[in-house]
Structures are given as structure tokens and as C-alpha cells.
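Structure record follows, encoded as C-alpha cells.
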Amino acid sequence: SFDREVAKEYGDVIGSETATLGQHVLEGPAVCLHRTTIAGRNFEYFSEDPFLSGVMGVEVTKAIQSHDIIAMVKHYVLNDQETERFRNSVEVDENVMRELYLLPFEMVIKDGECAAVMSAYNRIRGVYATEYYYTLTKILRDEWGFEGYVQSDFWSTRSAAPSLNAGLDHEMPDAKWLNEENVKAALSDTSLEEKTIDRALIRRYTQMFRFNQFDRPYDPGEIDAKAHGEISRKLGAQMAVLLKNDEGLLPIEPSGKIVIIGQKTFAGKACQGGGGSSKVDPLYTVDPLPGMQDILKEMGADATAELFVVADDLSNLDDAKKAAEDADIVVLMAGLVATEGADMPDANMFNDQNTMLDELLGISPKTILVMKDSAPVLMPWVDKAPTILEVWNQGTEDGHVVADLIFGRINPSGKVPTTYPVSEDDVFYAGNPERYPGTDEGAGYPVIRYSEGIQVGYRWFQAQDIKPLFAFGHGLSYTSFELSDFTVNTDKVGDSPVTATVKVT
């Protein structure tokens, strides 16, 4: 979504739930960029664009902290890939780091007044992010005026004195390095000063006092699953993106037999977001079939809905084709669920879903394709699909949201936050291993060079004159628009403002 209100409402829900469960800190928002389409944590991050990521991160931060919960912006900084994340070193030009990768953090800290920062796993210019004085102190505190505390990502601390001296304040999830023995030894050999320890504690406790956490009793309650589920349903519909509707099939009037077809993860169950530390254990889920049946009942439609689950190995694909032939309306569901800790080998969906779609598209003239992706995917079958609705990893209210959208109870209004390439050859790192996944330059660890400069995402496609499959900001709706009477006021030149007007019908 490009909607500040969506970000605000989302942050309000997760901040409220964190407070209800009696917690002090929510480790988010995550504002690293979608530098590549295959990064394993893209589902946690907002966008390929630093300004959009920053705007959304600010709203989420403010909303979380309105519940007296510490928000922790992460992963600071340049943790834009999961491949060898504990070892890799990122080499990046100063202007590129500041214009792209630092900007959303700067916005969240200055405009969102974020209380905490989580440092990254990776090295920056050969130095671990948890030990890099330049980013942890020079930029973060001296330039930006940050007064909160810096926590390590889990097991990203690699030292005691060097980390504390550089600006790290708190180690998670244990005391592998910042334990009594190591700290006393560092004090004894004078590699660490007592005031440095005081500084780290003061930074953290100051934020806890700021949010009244010492005076609040630990009294966990129960999350209002129904109320928050309704918000999830509303937000899920608002962030869906209508990628294609060439024949105007959507919204479709429910009639006859509707068959949902796809693999279990996407068609059989509510599609949950990516794996790793951000994986959610939902309080309830609405699966695609019962969700659609609920909506048909609410609409008073006499249509029926059925489900055909395609095996992950496609062993029953012929039966799936038969189910499509016998249906009046076919709703294909496919997608991608990414995970922390591993980038994807490429931007293709798992379990040979490209073959599945290639075989099933075109069987019925009334075929709607619903994509449920953690990140943009390649679509070699795209010309066979006149209608594509991207709903991402919907979570709790999946079944209701998708049915609301395809039957026109809600108008999709989301926009693509990250460019969809036509092929793997179109991205800036294709054939450039030094850009990704990195090369061994003799230091014993992979070095990733951001030699593409600022040409990331849509900047790359524009600069190289490459036509994307779906451009950054693309998103259709069920409304038709006509633009007319476009004029530009050119009476004044130079530094004076230029006024443009257009009539939108």
C-alpha cells in the first residue's frame, strides 16, 4: 500500500496486541529495501523505494509507540539479503548509502521518534554492523540526534568492548558477549570504560521510563481476535493490487459452479506470511473455500463454490484440468511464501506452479488468477492470464478478502511497491555476482558490492530503458478514468512555480 492510514492502522493493531500481551518492545518496523526481488525478508520490508519505506515506517512507529511500546526499527543497515547474512560484507558508496539505504531509518528516527534501533548481522565495509562506529555513533547519534538505544539482532554481537565502544547498548537474545566475565575483563584491561557501560544502560532505561514501563504491572490480557480480524480484513483488501483486467472480467457476478484450484498453501488454506522471526501464529484463519461460501451467502447468490487442491508435485494436474472444464467460473490461486534466513534461488514460484498455471490458464473463459506472494515473481504465462489480482500473503482473513475483491464488494486500490521484472535477465544483478550474492575477494567472507549505485528498482529500469512487467506504482481498479483538458501554465519561467491542471472523470 501507499496509504499512510493503512500503515497507521496496522501499527495500531500490532502495538495494541504487544501491550495486551504485557510486552515492552516490538521489534519493528523493518525498513531495509527490496534491493533484489528474491531477498528472503522482502515480505517484512515495505518497498524498493526509500521514501515510501520511510513514510510507512514512520506511521507504523508512531502507532506502535502510542501504546507505550518501544518500536525498534531494523535492520541497521544494509541487511538487504539473507544469503550469508552472518558473514557477508557490503561495500557501498557514501552517497548511495545515504540516499537509498539510510534514508528510511533517518525518517523513522527523526519523524517517528523511534525509541530503539536493531543493528544488522552483516559487515559494512569489512566491519560488523554491531561494531561499526561510523553508523552506530557518527551518523545515528552525532548527525541524526538519536537518543534511544541500539539492540543487536539475535546473535549478531561478536564482541564485548568493541561493540559497546562503537555504540551497541543491548545484546539479544542472551549474554554470549556482554556477560559479567567479559565485561569485567574488558574493564580490567582498559579496553572498556565504566562510563561506556553506564551510557548503554542509561540509553535503554531512559526509553523505558519514557513509556512508563517501570510503573506498569505485568498483567497480560487476551487479544480481541474478532475486532482485530475485522481490521485485518479491511487492510488486506486495501493493499491488494489489481495487476491485469484486460477483458473486464472483474468484478465478476457469481453464478453457477465456482471452483477454486491451486496448491494447498494458497488455495486450500489461508496463506500465512513468511517464515522466521516474523512468522505469525494466527488466532484464527478463514480459508479460501469457507470464506468464499460465506460471501456468497451474504450476497444471496445461488452460486456454489468448490475446491480442488493440486498436489505439490502436480501428479493430479489432469484432474485439475477436468475440474476447470466443468466449472462456470475458475479461481486459480498461486504464490510464494518466503522466509527469513534464506534468499530464494530465483523469482519463480516453488513447486513448479508456473507449469500448473500454464496448463490451467485458458481452459475456461471465466478464469481469475489470484496471486499470494511474499515478493514479486516471474510470470512466463502472463499472456494467458487476462485477469491477475495480487493479494500478497493475506493471513487471517484470506478467504473473505479474496471473495470480497473478486465479487466487487470492495474496489482494489493497492499499488505495486516493487517492480516486477519480465525475466531474470532484466535485473541489475543478472550476470553480476559481485553485486549479488557476492564474491570472495580473499578476506575469507563474501563481499557484496553495491556497484549499481542508485540504480535500484525502478531507477534501474528507467536508466537502462528496460520495460518492466508491472512498474512501481502500477495498480488498476474497477473504476474507469478519463483524463482531459490537460494544460500547463508557462507564463512564468525560471524559478517561478509551474501550474499543471487536468480534468479527471
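Using this note's numbering, the first residue of the sequence shown is number 1455, and each one after it goes up by one.
Think of the CB as a built atom: it goes at the ideal place given N, C-alpha and C, for glycine as much as any other residue.
Could you compute how far the alpha carbon of residue i sits from the alpha carbon of residue j?
{"i": "Gln1916", "j": "Ser1573", "result": "32 Å"}
{"i": "Leu1594", "j": "Tyr1530", "result": "10 Å"}
{"i": "Pro1871", "j": "Asp1812", "result": "26 Å"}
{"i": "Gly1621", "j": "Glu1634", "result": "19 Å"}
{"i": "Leu1689", "j": "Glu1459", "result": "10 Å"}
{"i": "Ala1781", "j": "Val1713", "result": "6 Å"}
{"i": "Gly1675", "j": "Val1479", "result": "16 Å"}
{"i": "Lys1630", "j": "Gly1849", "result": "35 Å"}
{"i": "Asn1805", "j": "Gly1730", "result": "20 Å"}
{"i": "Ile1492", "j": "Thr1650", "result": "40 Å"}
{"i": "Tyr1575", "j": "Tyr1582", "result": "7 Å"}
{"i": "Ala1757", "j": "Asp1797", "result": "42 Å"}
{"i": "Ala1774", "j": "Gly1683", "result": "32 Å"}
{"i": "Gly1795", "j": "Asn1533", "result": "11 Å"}
{"i": "Met1551", "j": "Glu1707", "result": "50 Å"}
{"i": "Asp1766", "j": "Lys1718", "result": "8 Å"}
{"i": "Met1787", "j": "Thr1873", "result": "21 Å"}
{"i": "Asn1966", "j": "Asp1623", "result": "Given a span of 1455 to 1959 for the chain in the structure shown, any question on residue 1966 remains unanswerable."}
{"i": "Ile1860", "j": "Ala1461", "result": "24 Å"}
{"i": "Val1544", "j": "Val1942", "result": "45 Å"}
{"i": "Pro1648", "j": "Glu1502", "result": "First, the residue type needs correcting, since residue 1648 is Glu and not Pro in the sequence shown. Computed Cα separation, rounded: 42 Å."}
{"i": "Pro1900", "j": "Val1740", "result": "43 Å"}
{"i": "Glu1625", "j": "Ile1842", "result": "45 Å"}
{"i": "Met1693", "j": "Glu1597", "result": "35 Å"}
{"i": "Phe1926", "j": "Thr1584", "result": "33 Å"}
{"i": "Phe1882", "j": "Tyr1912", "result": "11 Å"}
{"i": "Ser1867", "j": "Asp1522", "result": "32 Å"}
{"i": "Glu1536", "j": "Thr1959", "result": "46 Å"}
{"i": "Pro1504", "j": "Glu1560", "result": "10 Å"}
Return helix, strand or coil for residue i, following the three-state DSSP convention.
{"i": "Tyr1672", "result": "coil"}
{"i": "Asn1943", "result": "strand"}
{"i": "Gly1789", "result": "strand"}
{"i": "Tyr1530", "result": "strand"}
{"i": "Glu1878", "result": "helix"}
{"i": "Glu1760", "result": "strand"}
{"i": "Ala1954", "result": "strand"}
{"i": "Asn1808", "result": "helix"}
{"i": "Val1856", "result": "helix"}
{"i": "Gly1745", "result": "helix"}
{"i": "Gly1728", "result": "coil"}
{"i": "Leu1832", "result": "coil"}
{"i": "Leu1815", "result": "coil"}
{"i": "Asp1772", "result": "helix"}
{"i": "Leu1480", "result": "strand"}
{"i": "Ala1884", "result": "coil"}
{"i": "Phe1500", "result": "coil"}
{"i": "Phe1720", "result": "helix"}
{"i": "Asp1894", "result": "strand"}
{"i": "Ala1493", "result": "coil"}
{"i": "Ala1778", "result": "helix"}
{"i": "Leu1750", "result": "helix"}
Looking at the secondary structure, which residues open and close the alpha helix (DSSP H) in which residue i lies?
{"i": "Gly1465", "result": "Arg1458 to Thr1474"}
{"i": "Tyr1912", "result": "Tyr1912 to Ala1917"}
{"i": "Pro1871", "result": "From DSSP, Pro1871 is part of no alpha helix (DSSP H); its letter is neither H nor E."}
{"i": "Pro1504", "result": "Pro1504 to Gln1519"}
{"i": "Thr1977", "result": "Only positions 1455 to 1959 of the chain appear in the structure, and residue 1977 is not among them; the question remains open."}
{"i": "Asn1542", "result": "That residue, Asn1542, is in no alpha helix (DSSP H); it is neither H nor E in DSSP."}
{"i": "Asn1636", "result": "Glu1634 to Ser1642"}
{"i": "Leu1697", "result": "Segment Val1695 to Asn1699 is the beta strand (DSSP E) holding Leu1697; no alpha helix (DSSP H) there."}
{"i": "Ile1864", "result": "No alpha helix (DSSP H) holds Ile1864; DSSP gives it neither H nor E."}
{"i": "Ile1685", "result": "Ala1679 to Gln1692"}
Tell me the residue span of the beta strand (DSSP E) that contains residue i.
{"i": "Gln1717", "result": "Lys1711 to Gln1717"}
{"i": "Arg1903", "result": "Pro1900 to Arg1903"}
{"i": "Leu1823", "result": "Thr1821 to Asp1827"}
{"i": "Thr1841", "result": "Thr1841 to Glu1844"}
For this session: Quick one: which unbroken beta strand (DSSP E) runs of 3-plus residues sit fully inside the stretch 1590-1632? Chain order, please.
Result: 1603-1606
Exercise. Counting Cβ pairs, one atom from each stretch, are 3 or more of them under 8 Å apart for the stretch 1810-1824 and the stretch 1498-1509?
Worked result: no
For this session: Within the stretch 1548-1598, note down every full alpha helix (DSSP H) run reaching 4 residues or more, in order along the chain.
Result: 1557-1564
For this session: Tell me, please, whether the stretch 1578-1596 touches the stretch 1611-1628 by the rule of three or more beta-carbon pairs shorter than 8 Å.
Result: yes
Exercise. Counting pairs of Cβ atoms below 8 Å between the stretch 1762-1769 and the stretch 1703-1722, do you hit three or more?
Worked result: yes
Exercise. How do the stretch 1745-1757 and the stretch 1854-1866 stand: do at least 3 beta-carbon pairs fall below 8 Å, yes or no?
Worked result: Enough Cβ pairs lie closer than 8 Å, so yes.
For this session: Specify whether the stretch 1923-1934 and the stretch 1889-1901 touch according to this definition: at least 3 beta carbon pairs, one from each stretch, less than 8 Å apart.
Result: no
Exercise. Does the stretch 1719-1726 come close enough to the stretch 1830-1840 to have 3 or more Cβ pairs within less than 8 Å?
Worked result: no
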